[in-house]
Amino acid sequence: MPKVIVSIDGVVIKEVTLAKDRTTLGRRPYNDIVIDNLAISGEHAVLHMIGADVYLEDLNSTNGTYVNARAIKKQALEHNDVIEVGKYKIRYLSAASAPEAAVVPSKPAAVAYPSAPIPLTSAPTVSAPLGGTVTSAVIRVLSGTGAGRELSLQKVVTTIGKPGVAVAAVTRRIQGYVVAPIDGGTTLNGEPLGTEAVALQDGDVLELGGTKMQFVNA
């Protein structure tokens, strides 16, 4: 089946298989692809699947929908086309080429920690490189009602924070872990994060929406 991969600043957020005739995208929670960002309209765009073809239609969104940097109203998608909504990039992979994307994280699953900054999504674990080992790391909540909780970073991408307040993504790479802000303000050791992913070191302290968390690399 065709699929789309949602990312921001090079960090994969989620992967969605296009299994329905109509897949909606927008900020409202009832959409099939939810992007909780004020730059995204409540009902921003829709993906129509007609046979083996997929068409993207903009739903008169405030900030527009772009394909390969060009504004569109309705357009048939080609393999590897890049859809842009706000700061988010959504790569389209056609059904015929989907096996090539097997290394990309599968659709994230929600993890619920009700009161603390929570991991919103996680992708499948990364296998250790040949001849190498995978070290384990955790995010430890230092303040707030969730103080003392630990989140194991065994996934490719784990997002932390509170939607609408501050959200950041911790990405596991072969050489270590990096963090990048997604929405709202995030600080690392007291300094605001820019738009680029930053490498994490053992003991680094992140703060999102007033809650402090420490990166611990065992």
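Residue numbering for the sequence shown follows my numbering, starting at 5 and increasing by one per position.
Beta carbons: idealized from backbone N, C-alpha and C, even for Gly.
Quick caveat: nothing in here was measured; it's all calculated off a predicted structure.
Contacts around residue i, its chain only, beta-carbon distance under 6 angstroms, and the 5 residues preceding and following it disregarded
i: Arg32; result: Gly46
i: Glu61; result: Val50, Lys78
i: Pro185; result: Ala172, Leu197
i: Ala201; result: Val182, Ala184
i: Asp36; result: Thr27, Thr28
i: Val145; result: Ala120, Ala151, Arg153, Met217
i: Glu211; result: Thr191
i: Leu204; result: Tyr181, Val183, Phe219
i: Ser156; result: Val142
Proximal residues to residue i (C-beta, below 8 angstroms), its chain only, five neighbours per side dropped
i: Val58; result: Pro6, Leu22, Leu51, His52, Ala80, Leu81, Tyr96, Ser98
i: Glu88; result: Thr69, Tyr70, Val71, Ala73, Ile94
Three-state secondary structure (DSSP) of residue i
i: Ala99; result: helix
i: Tyr34; result: coil
i: Glu47; result: coil
i: Pro112; result: Residue confidence for Pro112 is low, a pLDDT of 40 falling below 50, so the modelled location carries little weight; the figure read from the coordinates is stated next. If DSSP states are grouped into helix, strand and coil, Pro112 belongs with coil.
i: Arg176; result: strand
i: Thr149; result: coil
i: Pro196; result: strand
i: Glu61; result: strand
i: Pro185; result: strand
i: Ile12; result: strand
i: Ala73; result: coil
i: Gly207; result: coil
Classification of residue i by the beta-carbon crowding that lies within 10 angstroms, buried from 16 upward
i: Gly30; result: buried
i: Asp206; result: exposed
i: Glu154; result: exposed
i: Ala56; result: exposed
i: Lys66; result: The amino acid occupying residue 66 in the given sequence is Thr; Lys does not appear at that position. Answer is exposed; the Cβ neighbour count stays below 16.
i: Ile39; result: buried
i: Ala141; result: buried
i: Gly194; result: exposed
i: Thr199; result: exposed
i: Lys18; result: buried
i: Leu42; result: exposed
i: Gly14; result: exposed
i: Asp187; result: buried
Cβ-based neighbour list, residue i, same chain, cut-off 7 angstroms, excluding 5 preceding and 5 following
i: Gly189; result: Ala170, Pro196
i: Tyr34; result: none
i: Asp85; result: Val71, Asn72, Tyr96
Identity of the residues DSSP links to residue i by a beta bridge
i: Leu212; result: Thr190, Thr215
i: Ala201; result: In the DSSP output, where bridge partners are listed per residue, Ala201 has none listed.
i: Lys24; result: DSSP output for Lys24 lists no bridge partner at all.
i: Glu154; result: Arg144
i: Gly165; result: Val171
i: Asn221; result: Ala141
i: Ala80; result: Tyr59
i: Met53; result: Val58
i: Val86; result: Arg95
i: Leu42; result: Beta-bridge pairing links Leu42 to no other residue.
i: Lys159; result: None; Lys159 has no bridge partner.
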